[in-house]
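Student: Residue numbers (my numbering), protein chains in the order written: chain A, 48 to 161; chain B, 82 to 197.
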Amino acid sequence: AQSVTQLDSHVSVSEGTPVLLRCNYSSSYSPSLFWYVQHPNKGLQLLLKYTSAATLVKGINGFEAEFKKSETSFHLTKPSAHMSDAAEYFCVVSRSGGSYIPTFGRGTSLIVHP
Amino acid sequence: DTEVTQTPKHLVMGMTNKKSLKCEQHMGHRAMYWYKQKAKKPPELMFVYSYEKLSINESVPSRFSPECPNSSLLNLHLHALQPEDSALYLCASSPQGQGSSTDTQYFGPGTRLTVL
């Protein structure tokens, strides 16, 4: 079984300040982990993914995430928030080596204040 | 062409209507997916096609009927829907076919469905 927990339903930051979106996972197997972003009334876009290579993963638009097996975490960070980062963010886990049914977290809404 | 397209963008239908949603990709991807997304919720997987064959049906009611006519096209036929079926319907594709957990999914913009 696998599951993913996004610890915050909303995160509010000021423009230019760091962003931290938290994700913890549970998986009986080696997981693949993804962060997707969804702007209002749009589809989802991949930000970055971890697939058992480097534990620090760099993505698009200045985002990065670190896979920490000991903490079962895959938190998403960005040094400086931009107004255009305001969106819904989903952490997704899939099971390595098995049938690919992705499990989505509930989502974190990022609010960026000017 | 690196995108997934979906038509129509918006659809309003009555409970007795029959309509279809269309999804298309020309990236040579081997797996295609239908998701349903309610407001403020994550996408819920409905169906997965791998190599044009239905490989996963997540206990979706029969009023939703998927079809994969070829490797680039995915349809979702709708009949006798209920108001609670109103949602954003997302299509996605991935390169390697279902069974590869490292695959990235590429999502279309969705069809906003309203059932009256």
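From the three backbone atoms N, C-alpha and C, an ideal C-beta is built for every residue, glycine too.
Between the stretch 122–134 of chain B and chain A, which residues of the former have a C-beta closer than 7 Å to a C-beta of the latter?
Tutor: Those would be Pro123, Pro124, Leu126, in chain order.
Student: Select from B/Ser140, B/Leu135, B/Tyr132, B/Glu133 the residue whose C-alpha is nearest the C-alpha of B/Glu125.
Tutor: Working through the second sequence from its first residue, we reach residue 125 of chain B at position 44. For B/Glu125, the nearest C-alpha among the options comes from B/Ser140.
Student: Going straight from the alpha carbon of B/Tyr132 to that of B/Leu197, what length do you get?
Tutor: Position 51 of the second sequence, counted from the first residue, corresponds to residue 132 of chain B. Position 116 of the second sequence, counted from the first residue, corresponds to residue 197 of chain B. So the two alpha carbons sit approximately 35 Å from each other.
Student: Please check if any C-beta of chain B sits within less than 8 Å of the C-beta of A/Phe137.
Tutor: Mapped onto the first sequence, residue 137 of chain A falls at position 90. Answer yes: the Cβ-Cβ gap between A/Phe137 and chain B drops below 8 Å somewhere.
Student: Starting from the C-beta of B/Asp166, find all residues in its chain whose C-beta is less than 6 Å away, skip the five residues before and the five after it, and write them out in chain order.
Tutor: Working through the second sequence from its first residue, we reach residue 166 of chain B at position 85. The residues are Val196.
Student: Just reading off the beta strand (DSSP E) that A/Val104 is part of, what are its end residues?
Tutor: In the first sequence, counting from the first residue as 1, residue 104 of chain A sits at position 57. First-last of the beta strand (DSSP E) with A/Val104: 103–105.
Student: Is the stretch 149–157 of chain B touching the stretch 105–123 of chain B, taking contact as three or more C-beta pairs under 8 Å?
Tutor: Yes, since at least three Cβ pairs between the stretch 149–157 of chain B and the stretch 105–123 of chain B fall closer than 8 Å, the two stretches touch.
Student: By a C-beta neighbour count over all protein chains shown, 10 Å radius and 16 as the cutoff for buried, is B/Pro123 buried or exposed?
Tutor: Here residue 123 of chain B is taken as the residue at index 42 of the second sequence, counted from 1. B/Pro123 should be labelled buried.
Student: Using only CA atoms, which one of A/Asn108, A/Ser74, A/Ser61 lies nearest to A/Ser117?
Tutor: Reading the first sequence from its first residue, position 70 is the one you call residue 117 of chain A. When only C-alpha atoms are compared, the closest one is A/Ser74.
Student: Does the beta carbon of B/Phe188 sit closer than 8 Å to a beta carbon anywhere in chain A?
Tutor: Position 107 of the second sequence, counting from 1, holds the residue named residue 188 of chain B. At least one chain A Cβ lies under 8 Å of B/Phe188.
Student: Which residue marks the beginning of the beta strand (DSSP E) containing B/His193, and which one marks its end?
Tutor: By 1-based counting over the second sequence, the position of residue 193 of chain B is 112. Note on identity: in this sequence residue 193 of chain B is Arg, with His being the wrong assignment. B/Arg193 -> beta strand (DSSP E) spans 192–196.
Student: Quick one: is B/Leu171 near chain A, going by C-beta distance under 8 Å?
Tutor: For this step, residue 171 of chain B is matched to residue 90 along the second sequence. Closer than 8 Å to some Cβ of chain A, the Cβ of B/Leu171 qualifies, so yes.
Student: Near B/Leu171, what residues of its chain come up, given a Cβ to Cβ distance below 7 Å and the 5 sequence neighbours on each side ignored?
Tutor: Residue mapping note: residue 171 of chain B aligns to position 90 of the second sequence, counting from 1. These residues qualify, in order along the chain: Tyr116, Gln118, Pro124, Phe188, Gly189, Gly191.
Student: Would you report the Cα separation of A/Pro126 and B/Ser136, rounded to the nearest angstrom?
Tutor: As a working mapping, residue 126 of chain A is identified with position 79 in the first sequence. As a working mapping, residue 136 of chain B is identified with position 55 in the second sequence. Roughly 41 Å between the two C-alpha positions.
Student: Can you list, in chain order, the residues of its chain whose CB lies under 6 Å from that of B/Arg193, leaving out five sequence neighbours each side?
Tutor: Your numbering for residue 193 of chain B matches position 112 in the second sequence. Hits under 6 Å: His91, Leu169.
Student: Tell me, to the nearest whole angstrom, how far the beta carbon of A/Phe114 is from that of A/Leu80; I am working on the premise that it is less than 8 Å.
Tutor: Position 67 of the first sequence, counted from the start, is the residue given in the question as residue 114 of chain A. Position 33 of the first sequence, counted from the start, is the residue given in the question as residue 80 of chain A. Correct: roughly 7 Å between the Cβ atoms.
Student: Buried or exposed: which applies to B/Ser174, given that a residue is buried once 16 or more other Cβ atoms fall within 10 Å of its Cβ?
Tutor: Position 93 of the second sequence, counted from the first residue, corresponds to residue 174 of chain B. With 16 or more Cβ atoms within 10 Å of its Cβ, B/Ser174 is classed as buried.
Student: Within this structure, are the beta carbons of A/Ala128 and A/Val60 separated by less than 8 Å?
Tutor: Reading the first sequence from its first residue, position 81 is the one you call residue 128 of chain A. Reading the first sequence from its first residue, position 13 is the one you call residue 60 of chain A. Result yes, Cβ atoms of A/Ala128 and A/Val60 sit closer than 8 Å.
Student: Please report the distance separating the alpha-carbon of A/Val58 from that of B/Pro150.
Tutor: On the first sequence, position 11 is the one that residue 58 of chain A refers to. On the second sequence, position 69 is the one that residue 150 of chain B refers to. If you take the alpha carbons of A/Val58 and B/Pro150, they lie about 43 Å apart.
Student: Are the beta-carbon atoms belonging to A/Val139 and A/Val66 less than 8 Å from one another?
Tutor: Counting from one through the first sequence, the residue named residue 139 of chain A turns up at place 92. Counting from one through the first sequence, the residue named residue 66 of chain A turns up at place 19. Their beta carbons are not under 8 Å apart, which means A/Val139 does not touch A/Val66 by this criterion.
Student: Looking at the C-beta of B/Thr88, does it have a partner C-beta in chain A at a distance below 8 Å?
Tutor: What you label residue 88 of chain B is simply residue 7 of the second sequence in a count that begins at 1. Not an interface residue.
Student: Using the beta-carbon of each residue, which ones in chain A are nearer than 8 Å to B/Thr185?
Tutor: Looking up residue 185 of chain B in the second sequence gives position 104. Residues of chain A passing the Cβ test: Phe81, Leu93, Lys96.
Student: Mind listing, in chain order, the continuous alpha helix (DSSP H) runs of no fewer than 4 residues lying wholly within the stretch 110–155 of chain A?
Tutor: You should have found no qualifying run.
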